[in-house]
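Novice:
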Amino acid sequence: MALADLTDRQAVLDTLAEFDELGRAGFLDKYGYGSAKDYFLRYRGKYYDSKAICGAAIGHQHPDLGPLGSNEFSGGNNTVKKQLNDLGFAVSNAPPTSVDELWEAIEGIRSHQLDGKGVPHKQLLLLSACRAAVIEGRRSLALAALERELDELIVTFSNSPAGGARDPLWRLQFDGLWEVTRGGDHLTDTHASNEPPPVAELLADDTAGSLPGCVYDLLANEPSLLRGIFERVGDVFSNEQLPEVRDWFFAGMEGPSEESSDRTGAHTWDDSSGVRTWGATPRAWMVRGGANGEDESFFFEQGAATVAWDALPDPPEPVTDTWLRKVIANAYPDPDFTAAARANFLGQLWPFMTLVAEGDLIVTPLQTNSGKVAIGICSRAFHVNVDQDNPTKRFRIDVDWRILDVDKSILGTRIGSYLNQPRTVGWLDDDTTTRLQAVLATGSPRLYWWVNQRTSWEAEEQHGCLCAPQRSKSGSQIRHHLDVGRVQVGDVIVHYADGDIWAVSEATSSGHESIRPYELGTDRWRGEVFLARCWYDRLPVSVSLADVNGRNSDSGPFNKSGGVKQGYLWPLSRSFVNQLVSDHKEALRGTALNQEAVWLLQANPDLDKSQFPKELRQHSESNSRDIVEASFELQTHYRQMRAGDRALFWLSGEQSGIYATGWLASDPYQEEGTWHVNVAVWWNTFDDPLLKTDLMDNQVLKDLGPIRYPPATSYEVTLEQWAEFKRLASNRDAAPPLVNGTTSSESPAELSERLYLEPASELEEIIALLGDRPQAIFYGPPGTGKTWVALKLAEWLAGSQGQVKLVQFHPSYAYEDFVEGWRPTEDGNFELRDGPLKRLADQAADNPDHTFVLVVDEINRANLSKVLGELFFLLEYRDHQATLQYSDKEFSLPTNLTIIGTMNTADRSIALVDAALRRRFHFHPFFPDRPPVQGILKRWLDENRPDLTWVADLVDRANDLLDDRNMAIGPSHFMKEDLTEERVQQIWRRSIIPFVEDQFFDEPERVKQFTYESLTSSDTTEPETGKDGEDADPSSS
73 MALADLTDRQ AVLDTLAEFD ELGRAGFLDK YGYGSAKDYF LRYRGKYYDS
123 KAICGAAIGH QHPDLGPLGS NEFSGGNNTV KKQLNDLGFA VSNAPPTSVD
173 ELWEAIEGIR SHQLDGKGVP HKQLLLLSAC RAAVIEGRRS LALAALEREL
223 DELIVTFSNS PAGGARDPLW RLQFDGLWEV TRGGDHLTDT HASNEPPPVA
273 ELLADDTAGS LPGCVYDLLA NEPSLLRGIF ERVGDVFSNE QLPEVRDWFF
323 AGMEGPSEES SDRTGAHTWD DSSGVRTWGA TPRAWMVRGG ANGEDESFFF
373 EQGAATVAWD ALPDPPEPVT DTWLRKVIAN AYPDPDFTAA ARANFLGQLW
423 PFMTLVAEGD LIVTPLQTNS GKVAIGICSR AFHVNVDQDN PTKRFRIDVD
473 WRILDVDKSI LGTRIGSYLN QPRTVGWLDD DTTTRLQAVL ATGSPRLYWW
523 VNQRTSWEAE EQHGCLCAPQ RSKSGSQIRH HLDVGRVQVG DVIVHYADGD
573 IWAVSEATSS GHESIRPYEL GTDRWRGEVF LARCWYDRLP VSVSLADVNG
623 RNSDSGPFNK SGGVKQGYLW PLSRSFVNQL VSDHKEALRG TALNQEAVWL
673 LQANPDLDKS QFPKELRQHS ESNSRDIVEA SFELQTHYRQ MRAGDRALFW
723 LSGEQSGIYA TGWLASDPYQ EEGTWHVNVA VWWNTFDDPL LKTDLMDNQV
773 LKDLGPIRYP PATSYEVTLE QWAEFKRLAS NRDAAPPLVN GTTSSESPAE
823 LSERLYLEPA SELEEIIALL GDRPQAIFYG PPGTGKTWVA LKLAEWLAGS
873 QGQVKLVQFH PSYAYEDFVE GWRPTEDGNF ELRDGPLKRL ADQAADNPDH
923 TFVLVVDEIN RANLSKVLGE LFFLLEYRDH QATLQYSDKE FSLPTNLTII
973 GTMNTADRSI ALVDAALRRR FHFHPFFPDR PPVQGILKRW LDENRPDLTW
1023 VADLVDRAND LLDDRNMAIG PSHFMKEDLT EERVQQIWRR SIIPFVEDQF
1073 FDEPERVKQF TYESLTSSDT TEPETGKDGE DADPSSS
């Protein structure tokens, strides 16, 4: 029984009725299917899980055989879509029901294509519908009139000709953001495909288009979402068009965007995390006191902020958009004064005159006191001071100036970048508002965050970071991921996992764009992330969520019932943090939430490194993230110390320095007349200490006690020194961003072009991640160029073929073949011989300035646990040594040895890969239908055999029929210099057909579809489809 056996439309209708009767949860539970994320069957305005419907409908059509279970389902999303389309049912995305889903849906809109180019037609339709919903309260729009309106918008705001509106009016439905009805009936019930129905039906008098009800309700309840919607579609318009689109879209609302200045210069629309929010109360604004600070004294003496523009006449009340535009046009009639320049004035005057409200924060960067800013609170919105004779001082807001000399550097680089913008008036994003409020309240811009780490906590602690994807694979962005980009040095993070608060950290870097430093375990997210370095401070005793008060508000990380919401990073209110510290003062003692004393403990100054406390020395050979206990003798400070205080551990001698850190596990106690204290060591730098010679060059740490007064056993560490140590240690713990020194003069982009891989960013990411972890695996079906690319990349990295070694694993391959083993000699004895790994590792160790690469082909065919042995440990801990099985020698993997493996996904053995291997390698997909392999055959043929480019279409048609990227036919079968049409047929008969027969060994009739004759005599391509099906994911457990 297979999906192709579903041929009865009535069976599907009966299944939909059953779904409605049981409800979604009951239906899915009955048939054993999970909830769909996309590809929903649409019928009569409802959305159904398409795979579950198909599986159950087969049981309705063939009751003797029963339904098709989820574990028996072999068809991908595209196959399901085609099967349902053939039965007259539409398949599309479901409409969003939450703000996060709305953002994801908008960012996932498939661009409309016109003459092979993306055009903004769908985005303009969405903007027009949202504008009508908010301003006019209209959800339903007559399609005939809407076509005329959309045509006009297309001509005005794009470079496309008129007449392109009809297709978007239909196709936006399949993005889940639009519905088309006629006489109340959904037209997709009778026209299931992406192609529009006949014009007479589509543009009939009673045909209407509308936002889905849930989207309309979201906008009705929160009109400020329009700002976010515009931000998410703005990038499809050119720099020249964007200001005009913005003016049209916001006309009649509260005014044009505060960013109405053009985007023809530096792009200042986004902050570092990619999203600017709008809607917090209060907001924050920058207002300059003149180009050279000439108005600053007036600001502070008069309690005001003014806009010095003497060309501005007294405005009407209220100020209108039309009046302000006319004033600007009259003031600058010269045709050389561009529309963008006028928009720049509009974008600054409009918010100052209409949007700055009482209670908003005002920031003035000081020209007369460089490096300082003044912060105040608006006490009266815009008004004209009729008693002021100076025309440049008449137009003002009143400001209660609170602090006049804040050091701009403490505000962080993000706020600093806003304040450096060449503007007189500008909006600062809502994150800035929160930080400025913190400065007014406490003198510090520190914010507090709650992170839900679940399964990622161990990897993120190991790498000392917060880490969240910039976008999902579909391109969507999520606020609680983007917030990692807003983290700033000094912010405090509360770490939650498995029902407990288990650590508190302090950010030692601001959030920034990076590459994920560890394997995620899912293919849903991209490798590009926002990352903030943190100093993890484990709690000696975790705090149970049940013991955390203040969880009864539906804000921050908590829901109304006091549970923890899904999502990664959430802001915490200062009141919640204060209560948390008050309730759990002792548990949080020593952390950034309750910082007390910090101590430096020194072992007996006469001891050398080998005599360092036994527990720490042994611990240095194991996982440095484990906690061990030790005891130190005290001569001083024992009356000031308390359990929970943080501690640094110092070793004296020739290599003196900080070798570990942790906390006091007890109050000091006397034993036989000597004072002692028990300590817990949770981070051990024994093999990579912060040495005295380096610390003496640090302006803060050069004054540590043992540097200035060596004889003592304990010293007090200042909070400034403790903060500097955490920053320094966090940076040392960070993985290097790039691969160590390739000797090739060829750039990664040039290498990518030579290998026909596109886009170049895919290969650049592989190279960057090899710098983070010098182990990678290329996975995909046979013939996709995995080994070829691995060898070419290896040669590029190493710069010499002599520094590259290829080995191929097979089921009988063993440790003795790969690492070392006993081999017979001619005289009948045995000798210990090195395998290829050990030989290449020894070469790399002898040549540390050169890169060596080992390529392991078909790495998953061998029993990896037996082949690799102790190498599993060394792959993760390159700075450690392990004893080899036979030689009993200490061995390590040099950091300049890179290992690239390849895996075949066709036999599904990739799903059985050892979890230890998953954790130690970065995985890179090589599939014919996704970058960088997608289109490679066409590119190669265009350059080498342009008369045979049709072969690429032939392979694509076969892969469409296979509908499983893990079994796809790879391009390398046909990338041969001597390729001819006769050779293509030979390859097809002797290589491709046997491979297909293996996949459908029990379905001989299906194999016939894949013969050369069948594929070259018919067109099996499908119409426009949505998102790709799910990938095989070698990194998921």
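Here the numbering used here runs 72 ahead of the position in the sequence shown, where the first position is 1.
For every residue, glycine included, the Cβ atom is placed at its ideal position computed from N, Cα and C.
(1) Ignoring anything shorter than 4 residues or poking outside the segment 1053-1091, list the alpha helix (DSSP H) runs there in chain order.
(2) For L936 and F944, what's the separation of their Cα atoms in angstroms?
(3) Is the distance from the Cβ of G141 to the Cβ of G106 below 8 angstroms?
(4) Just curious, the alpha helix (DSSP H) that Q155 is in, first and last residue?
(5) Roughly how many angstroms lie between the CA atoms of S833 and D1019, to the nearest whole one?
(6) Classify S586: buried if its beta carbon has 16 or more other beta carbons within 10 angstroms, exposed otherwise.
(7) Distance check for G536 and Y520, CA to CA, integer angstroms please.
(8) Three-state secondary structure (DSSP) at V615?
(9) Report the rounded CA-to-CA distance for G1064 versus R1002, giving the unit in angstroms.
(10) Is it the case that the Cβ atoms of F1046 and V1056 are separated by a distance below 8 angstroms?
(11) Could you tell me if R360 is buried or exposed, where buried requires 16 or more neighbouring beta carbons within 10 angstroms of its beta carbon?
(12) For L956, which of helix, strand or coil comes out of DSSP?
(13) In three-state DSSP terms, what is A780?
(14) Can you give me the Cβ contacts of K774 inside the same chain, cut-off strictly under 6 angstroms, excluding the 5 residues immediately before and after it?
(15) Mind checking which residues open and close the beta strand (DSSP E) that includes K118?
(16) Between V615 and the rest of its own chain, which residues show a CB-CB distance below 7 angstroms, the 5 nearest in sequence each way excluded?
(17) My guess is that T974 and P846 are in contact by the Cβ rule of under 8 angstroms, so how many angstroms apart are they, rounded?
(18) Following the continuous beta strand (DSSP E) through A453, name the residue where it begins and the one where it ends.
(19) Anyone know if the C-beta pair for D1070 and G148 falls short of 8 angstroms?
(20) Looking at the structure shown, is D921 part of a helix, part of a strand, or coil, going by DSSP?
(21) Out of R911, D1025, I400, point me to the one whose CA is closest to K1010's CA.
(22) Are the C-beta atoms of P966 and some chain C residue less than 8 angstroms apart?
(23) Does DSSP classify M358 as helix, strand or coil?
(24) Out of P135, R1037, Y885, F370, which has the shortest C-alpha to C-alpha gap to D470?
(25) Determine which residues share a DSSP beta bridge with M975 and list them.
(26) For the 8 angstroms Cβ check, are there 3 or more pairs between the segment 741-751 and the segment 722-731?
(27) Which of helix, strand or coil does DSSP assign to W868?
(28) If we ignore side chains and look at the alpha-carbon of each, how far apart do L314 and I178 end up?
(29) Pull up the distance between the alpha-carbon of V601 and that of P541, whole angstroms please.
(30) Is it buried or exposed for R992, if we count other Cβ within 10 angstroms and need 16 for buried?
(31) For V670, write down the residues that DSSP places opposite it in a beta bridge.
(32) Once DSSP output is grouped into helix, strand and coil, what is the label at D470?
(33) With a threshold of 16 other CB atoms inside 10 Å of the CB of Y958, please say whether the residue is buried or exposed.
(34) Taking Cβ positions, are D278 and R299 nearer each other than 8 angstroms?
(35) Please classify Y568: does DSSP put it in a helix, a strand, or coil?
(36) Under three-state DSSP, which class holds Q880?
Specialist: Taking the structure as given:
(1) Complete alpha helix (DSSP H) runs here, min 4: 1053-1059, 1065-1071, 1076-1079, 1084-1089.
(2) As a position in the sequence shown, residue 936 is number 864, starting the count at 1. As a position in the sequence shown, residue 944 is number 872, starting the count at 1. A direct Cα-to-Cα measurement between L936 and F944 gives close to 9 angstroms.
(3) Walking along the sequence shown from the start, residue 141 turns up at place 69. Walking along the sequence shown from the start, residue 106 turns up at place 34. The answer is no: Cβ separation not under 8 angstroms.
(4) Working through the sequence shown from its first residue, we reach residue 155 at position 83. Segment 149-158, the alpha helix (DSSP H) holding Q155.
(5) Walking along the sequence shown from the start, residue 833 turns up at place 761. Walking along the sequence shown from the start, residue 1019 turns up at place 947. One alpha carbon belongs to S833, the other to D1019, and they sit about 30 angstroms apart.
(6) Position 514 of the sequence shown holds residue 586. Buried, because 16 or more other Cβ atoms sit within 10 Å of the Cβ of S586.
(7) As a working note, residue 520 is residue 448 in the sequence shown. As a working note, residue 536 is residue 464 in the sequence shown. Their backbone Cα atoms lie some 17 angstroms apart in a straight line.
(8) As a working mapping, residue 615 is identified with position 543 in the sequence shown. Taken through DSSP and simplified to helix, strand or coil, V615 comes out as strand.
(9) Along the sequence shown, read from residue 1 onward, the residue named residue 1064 stands at position 992. Along the sequence shown, read from residue 1 onward, the residue named residue 1002 stands at position 930. Before going further, note that residue 1064 is Ile rather than Gly in the sequence given. Approximately 20 angstroms between the Cα atoms of the pair.
(10) The residue you call residue 1046 lines up with position 974 of the sequence shown. The residue you call residue 1056 lines up with position 984 of the sequence shown. Taking a C-beta distance under 8 angstroms as the contact criterion, F1046 and V1056 qualify as a contact pair.
(11) Translated into the one-based positions of the sequence shown, residue 360 becomes position 288. The residue is buried, with at least 16 neighbouring Cβ atoms inside 10 Å.
(12) Walking along the sequence shown from the start, residue 956 turns up at place 884. In the three-state scheme derived from DSSP, where H, G and I count as helix and E and B as strand, L956 is classed as coil.
(13) Counting from 1 along the sequence shown, the entry for residue 780 is found at position 708. First, the amino acid is wrong: residue 780 is Arg here, not Ala. Under the three-state reduction of DSSP, R780 is assigned to helix.
(14) For the purposes of this step, residue 774 is identified with residue 702 of the sequence shown, where counting begins at 1. Answer for K774: M768, listed in chain order.
(15) Stepping through the sequence shown from its first residue, residue 118 is reached at position 46. It spans 118-121 - the beta strand (DSSP E) in which K118 sits, taken as one unbroken run.
(16) Stepping through the sequence shown from its first residue, residue 615 is reached at position 543. If we look at V615 and ignore the five residues flanking it on each side, its Cβ neighbours are D572, I573, H656, A659.
(17) Residue 974 sits at position 902 when you count from the first residue of the sequence shown. Residue 846 sits at position 774 when you count from the first residue of the sequence shown. Between T974 and P846 the beta-carbon gap is near 16 angstroms, outside 8 angstroms, which marks them as no contact.
(18) Numbered from its first residue, the sequence shown carries residue 453 at position 381. Residues 444-456.
(19) Numbered from its first residue, the sequence shown carries residue 1070 at position 998. Numbered from its first residue, the sequence shown carries residue 148 at position 76. Cβ atoms of D1070 and G148: not closer than 8 angstroms.
(20) Start at 1 with the first residue of the sequence shown, and residue 921 comes out as number 849. Reduced to three states, the DSSP call for D921 is coil.
(21) Within the sequence shown, numbered from 1, the residue matching residue 1010 stands at position 938. Distance from the Cα of K1010 is smallest, within the candidate group R911, D1025, I400, for D1025.
(22) The structure shown contains no chain C, having only a single protein chain.
(23) Along the sequence shown, one-based indexing puts residue 358 at 286. Looking at M358 - three-state DSSP - the assignment turns out to be strand.
(24) Locating residue 470 in the sequence shown gives position 398, counting from the first residue. Nearest C-alpha to D470: F370.
(25) The residue given as residue 975 occupies position 903 in the sequence shown. Per the DSSP secondary-structure output, M975 pairs in a beta bridge with Y851.
(26) The segment 741-751 is not in contact with the segment 722-731.
(27) Residue 868 sits at position 796 when you count from the first residue of the sequence shown. W868: helix per DSSP, three-state reduction.
(28) Numbered from its first residue, the sequence shown carries residue 314 at position 242. Numbered from its first residue, the sequence shown carries residue 178 at position 106. Rounded to the nearest angstrom, the two C-alpha atoms are 18 angstroms apart.
(29) On the sequence shown, residue 601 is found 529 positions in, with the first residue counted as 1. On the sequence shown, residue 541 is found 469 positions in, with the first residue counted as 1. Roughly 4 angstroms between the two C-alpha positions.
(30) The residue labelled residue 992 in the question sits at position 920 within the sequence shown. Counting the other Cβ atoms within 10 Å of the Cβ of R992 gives 16 or more, which makes it buried.
(31) Position 598 of the sequence shown, counted from the first residue, corresponds to residue 670. DSSP lists R718, V789 as partners of V670.
(32) One-based indexing of the sequence shown puts residue 470 at position 398. Looking at D470 - three-state DSSP - the assignment turns out to be strand.
(33) Sequence index remark: in the sequence shown, residue 958 carries index 886 (1-based). Flag for Y958 reads exposed.
(34) What you label residue 278 is simply residue 206 of the sequence shown in a count that begins at 1. What you label residue 299 is simply residue 227 of the sequence shown in a count that begins at 1. No.
(35) Reading the sequence shown from its first residue, position 496 is the one you call residue 568. Residue state, collapsed to three classes: strand.
(36) As a first step, residue 880 must be located in the sequence shown, where it is residue number 808. Here Q880 sits in strand by DSSP.
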